[in-house]
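Residue 18 in UniProt numbering sits at position 18 of the sequence shown, with consecutive numbering throughout.
These notes are about the structure you will find just below.
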Amino acid sequence: MLVSLGKTAYLPVFLLSSITVHGTIFTLLKRYVQTQYDHSTWIRLLEVSGLTAADFDHKHVYPDEHMYRLVGEAATMTGLSADELHEKFGEYLVPDLMYMYQRLLQPEWTTLDMLEHTESTMHRQVRQEHTENAPPVLHVTRVSADELFIDYVSKRRMGGLAVGIVRGVAKYYDEADQISVEPTTSENGEQVRIRVRRTKPQ
């Protein structure tokens, strides 16, 4: 059960759902691996994950299991934890996601404003465009002008991805040095709370 601390809005993990993952996420994961490592690393990752026959594209959705297997094997290959990989990938996703939905962004928004208004902008658009792949809803509670809480509730246990996306949003708005992103619960749980606050004046 979620407790409201004030004005409440909602934040999606963009193109993710509780049953499937949109192909755009996989194509961006492929590019992330190729950029951070090389193409042969991506091919090897597909092989050890048993997904060599997979041909990911942005027009289709794929089972969650594909993402779990890829991230799990990538963690083994890199020595990073799954949470760390989720965070890094989540941050990497943001520029592309912002570009896709830039027409919905308001020029006066800051990091906290964008997080608060995601439900009425990008989230609504995702639901309209991908009715078969509605993203899970995260509850965003704006406590004050300088602070909000995000409650991520999902059996997917990918809270690290949400943390990375929030950090990526702060970076997008050139506020990474002003915004603190603090998971107050385990990122690997079904319920993850993230505290986002401004630590320096604008």
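For each residue, glycine too, the CB sits at the ideal point set by N, CA and C.
Here's a check: name, in chain order, each residue in its chain whose Cβ is nearer than 6 Å to the Cβ of residue i, leaving out the five neighbours to either side.
i	result
residue 206	With the chain covering only 1 through 202, there is no way to say anything about residue 206.
Val153	Gln191
Gln102	none
Gln34	Trp42
Ala82	Val71 and Ala75
Thr121	Leu104
Glu87	Gly160, Val163 and Gly164
Met1	For Met1, the pLDDT reaches just 30, beneath the cut-off of 50, and the residue's location in the model is therefore unreliable, leaving the point undetermined.
Taking Cβ to Cβ, would you say residue i is nearer than 8 Å to residue j?
i	j	result
Gly168	Leu104	no
Gly90	Gly160	yes
Asp57	Gly79	no
Leu138	Ala162	yes
Alpha carbon to alpha carbon, what distance is there between residue j and residue i?
i	j	result
Thr110	Tyr173	7 Å
Lys155	Glu65	13 Å
Gly6	Leu51	A caution first: Gly6 carries a pLDDT of 40, below 50, which makes its placement in the model unreliable, though a value can still be read off. Cα to Cα, the separation comes out at about 45 Å.
Thr199	Gln178	5 Å
Glu175	Arg195	16 Å
Tyr37	Ile165	21 Å
Leu28	Leu112	25 Å
Glu187	Ser40	30 Å
His60	Pro201	43 Å
Pro63	Met100	23 Å
Thr141	Met114	13 Å
Glu129	Ala54	23 Å
Met158	Pro95	20 Å
Considering only residues of the same chain and omitting the five flanking positions on each side of residue i, which have a CB-CB separation below 7 Å?
i	result
Arg197	Asp146, Glu147 and Ser180
Tyr32	Phe89 and Tyr92
Could you name the residues of the same chain whose beta carbon sits closer than 8 Å to that of residue i, not counting the 5 residues immediately before and after it, in chain order?
i	result
Arg193	Phe149, Ile150, Asp151, Tyr152, Pro183, Thr184 and Thr185
Lys30	Trp42 and Phe56
Arg69	Ser49, Gly50 and Leu51
Would you grab the beta carbon distance between residue i and residue j for me? Rounded to a whole angstrom, and I think it's under 8 Å.
i	j	result
Glu73	Val48	5 Å
Met77	Leu45	7 Å
Legend entry - 3 or more residues per run - each beta strand (DSSP E) lying fully within the stretch 142-169: 147-153
Legend entry - Runs of beta strand (DSSP E) wholly within the UniProt region "Disordered" (183-202) (minimum 3 residues, chain order): 191-198
Inset, instruction - Run through the stretch 36-80 for me and flag every whole beta strand (DSSP E) of 3 or more residues, listed as ranges in chain order. - result: 61-63
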